[in-house]
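I have placed the structure first, in the form of structure tokens, so that the comments after it can refer back to it.
In the working numbering, the protein residues as written are 1088 to 1716.
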């Protein structure tokens, strides 16, 4: 079932005991034992799956949990794994939750455990809003990934793919929450279990044991904790095809935001990364503008487009604030961006978005014109959405920071050939550039030449932006979107201090003789006219359109979603077609691709991954040619 963004999830309603223990008002049950909650976690779940021995020696281990609740199981597991796992080991923790706690309730619940305070603060810093779907949080410099699946357990698991090595079956008692403890869930647990997967639960109810056995688990009762006489542990021993050997190296072709974000994601997953870029330095061509706008692009509805863009926006905000980038000046000017309404109709649409998504105010808040005045520096004609965490990125700093852990080769990749079970990349003279077990084509519009036999669905679109001189009032104070966009004052190489006004978006046929980089006065005039219509008082600070700027070709697709996925079953992948939203969508698409390369749990639902698959247009074309039955 696809989540509907017209409805945010109902959050948990909590009753608190005098001792500060959380109790679900909906289910009438406690989130953990009243006496020694951490002791219960250790006995029932950690001992129940055989931790830490179960992950000792494993390069990658995956834990699944039904019922994230207050996060105590996760925090206790994190603490033990951090203390006992190998320095390069990777842990994925996939947790389901139908009624997420509000951030303030989560903070209050974990405050009882001072020994977990440091880990809890990191969790709270990334804890997502209660939007249905998948939320990926990254810790320990990428070695630990928490994937929260918000929604009803069976529904969200049916639209997700992962191979789980150990299960925590939590949630409230079966007699209080029977909707979760049902055969459909047990079958989903089996479908998502790796061969030999462990299982542990606090409940030893007969219907639970019988249901798990029917799904293929071997179950045994063991001593319970506290007043509970029994708990259970188990193992999934049904025959399954084992995954292929874990990939250790990847070559990425293209050093724009797609390739750079992928280099970061693959490196954090433990891969040895080689990045091949034909230009001198990274962030060239479409990623090479003086500034890149990072601002959510939100739409209503359950379709894959709105859902992917919403997930990408939440993930990108966390991605760019990762500790690995915190000491780099990747942001231009002050943080924040405003999406302005241009009439009453667009004002109503923006208000609907706020109601639908329910993001906290540090992520998105609607402001009327008066409230926007101090944020922008002047009063607009209408209200708008303020995104405090958005803003302008500096690609010249960002892309090298993302690729800092990769081996960078400056050369043009011309051909790919299979070599010793992996791939060899050669330049246009036939000389070898790199060898790796997997290769990813992330070269923008130039990717088409390396994607055969896939017929390329890529389209070339030219984008031109203009440079406006800094005005004495230094307005606007933050980036503004209104159909076009205008940045605050930033340093522009070769121009000085100024503002970027953007941007045109025009199809660019390959047979055009005019170079794409040649600037057009008509585009400068059209962009300035758009600013004048939306914000005439602001446009009046300049005498007229820009006379200098920059143009480049963007790679787009017919459905405006990236191509991110496998080209074949031999370790060849593609990440391109990001269009004008590259800095918004690249982080999540890159994380998805890194997980596909390694067989790790993905950061998105199965239907979203399918919506980005590079073969989707070819499959649709073939389906359209089949005769109707």
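Glycine included, every Cβ here is placed at the ideal spot set by N, Cα and C.
These numbers were taken from a predicted model, which means no experiment stands behind them.
Continuous alpha helix (DSSP H) stretch holding residue i: start and end
i            : result
residue 1392 : 1391-1407
residue 1232 : First-last for residue 1232: 1231-1237, but that is the beta strand (DSSP E), not the alpha helix (DSSP H).
residue 1704 : 1703-1712
residue 1482 : 1482-1489
residue 1297 : 1293-1302
residue 1243 : 1240-1245
Beta bridge counterpart(s) of residue i as assigned by DSSP
i            : result
residue 1167 : In DSSP, residue 1167 forms no bridge with anything.
residue 1288 : 1256, 1319
residue 1556 : 1585
residue 1519 : 1513
residue 1668 : For residue 1668, which the question treats as bridged, DSSP gives no partner whatsoever.
residue 1153 : 1183, 1256
residue 1594 : 1548
residue 1103 : 1109
Residue range of the unbroken beta strand (DSSP E) whose run includes residue i
i            : result
residue 1226 : 1220-1226
residue 1494 : 1494-1497
residue 1532 : Counting along the chain, residue 1532 falls outside any beta strand (DSSP E), and DSSP gives it neither H nor E.
residue 1541 : No beta strand (DSSP E) contains residue 1541, which DSSP labels as neither H nor E.
residue 1095 : Unbroken run through residue 1095: none, as it is neither H nor E.
residue 1468 : Per DSSP, residue 1468 belongs to no beta strand (DSSP E) and is neither H nor E.
residue 1638 : 1635-1643
Backbone secondary structure at residue i - three-state DSSP
i            : result
residue 1509 : strand
residue 1202 : helix
residue 1441 : helix
residue 1425 : strand
residue 1130 : helix
residue 1611 : helix
residue 1684 : helix
residue 1182 : strand
residue 1177 : strand
residue 1653 : strand
residue 1273 : helix
residue 1659 : strand
residue 1090 : With a pLDDT of only 46 at residue 1090, under 50, the local geometry of the prediction cannot be trusted, and the value read off the model is given with reservation. Three-state result, residue 1090: coil.
residue 1268 : coil
residue 1339 : strand
residue 1432 : helix
residue 1367 : coil
residue 1192 : helix
residue 1618 : helix
residue 1347 : helix
residue 1675 : helix
residue 1700 : coil
residue 1455 : coil
residue 1278 : helix
Proximity winner among the options, relative to residue i (alpha-carbon distances)
i            : options                : result
residue 1555 : 1567, 1497, 1634, 1138 : 1634
residue 1574 : 1552, 1277, 1593       : 1552
residue 1166 : 1678, 1201, 1639       : 1201
residue 1255 : 1591, 1273, 1243       : 1273
residue 1279 : 1374, 1693, 1547       : 1693
residue 1590 : 1610, 1208, 1101       : 1610
residue 1512 : 1151, 1442, 1103, 1365 : 1365
residue 1674 : 1103, 1400, 1577       : 1400
residue 1137 : 1319, 1683, 1265       : 1319
residue 1608 : 1638, 1579, 1515, 1666 : 1638
residue 1259 : 1442, 1395, 1110       : 1110
residue 1209 : 1503, 1218, 1197, 1142 : 1197
residue 1153 : 1251, 1227, 1171       : 1251
residue 1661 : 1390, 1684, 1333, 1147 : 1684
Contact belief for residue i with residue j at Cβ below 8 Å, rounded distance in angstroms
i            : j            : result
residue 1614 : residue 1669 : That pair is no contact at about 19 Å.
residue 1354 : residue 1492 : 4 Å
residue 1149 : residue 1688 : 6 Å
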